[in-house]
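J.:
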Amino acid sequence: MTEAVKGPASYFPSIEQKYGRPIAEWQTMIRASDLTKHKELVDWLKAEHEMGHGHANALVKYTLDEDAAG
Numbered sequence: 036m037t038e039a040v041k042g043p044a045s046y047f048p049s050i051e052q053k054y055g056r057p058i059a060e061w062q063t064m065i066r067a068s069d070l071t072k073h074k075e076l077v078d079w080l081k082a083e084h085e086m087g088h089g090h091a092n093a094l095v096k097y098t099l100d101e102d103a104a105g
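For this note's numbering, add 35 to where a residue sits in the sequence shown, where the first one is 1.
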């Protein structure tokens, strides 16, 4: 049996469907940004890409956590 995806990654299918870009592309954009703080990145995704707060928050958290883990 397949275990359900939990946490920020559970938003990924709807992010890709709604905003038309793969998660890897969003992560590349986040990492290329001069912004480094969680809230700044969330606000940027919301303002520049019209992303909803929950989607932006999940994407930024997942990306920053992944980077911190190395």
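Don't be surprised by glycine CBs; every beta carbon is placed ideally from N, CA and C.
Please return the same chain residues whose Cβ sits closer than 6 Å to the Cβ of residue 55, not counting the five positions on each side in sequence.
T.: Closer than 6 Å at the Cβ level, and outside the excluded window around residue 55, lies no residue.
J.: Here's a check: name, in chain order, each residue in its chain whose Cβ is nearer than 7 Å to the Cβ of residue 93, leaving out the five neighbours to either side.
T.: Around residue 93: 43 and 46.
J.: Please state the DSSP three-state secondary structure of residue 57.
T.: Here residue 57 sits in coil by DSSP.
J.: Starting from residue 71, trace the alpha helix (DSSP H) both ways and give me its first and last residue.
T.: Counting along the chain, residue 71 falls outside any alpha helix (DSSP H), and DSSP gives it neither H nor E.
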